[in-house]
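Trainee: In the numbering used here, the protein residues as written are 78 to 159.
Glycine included, each C-beta is placed from N, C-alpha and C at the ideal position.
Treat the numbers as computed from the prediction; the structure is a model and nothing was measured.
(1) Can you give me the Cβ contacts of residue 101 inside the same chain, cut-off strictly under 8 angstroms, excluding the 5 residues immediately before and after it?
(2) Residue 155 by DSSP, collapsed to three states: which one?
(3) To the nearest angstrom, how far is the alpha carbon of residue 129 from that of residue 107?
(4) With residue 116 as the anchor, note down where its alpha helix (DSSP H) starts and where it stops.
(5) Determine, using beta carbons only, whether residue 137 and residue 149 come nearer to each other than 9 angstroms.
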């Protein structure tokens, strides 16, 4: 009886290639630079929104009436009356 030949499977390189491997270097560098620029822009936008929210919160606090400030106070004012 003859022995069966074992199939030697060569690794399929086309299936294993990533997008990074298929793109040329200059295009890959451009995409990475664009990604970094977009992430920086997003961080700046979040920081701007945070500062704007803080400014609005401070403005609201400044415009509160004495009654609103008194109602928000944690102190028990009846203890001070005695």
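Mentor: From the atom records:
(1) none
(2) helix
(3) 33 angstroms
(4) 102 to 139
(5) no
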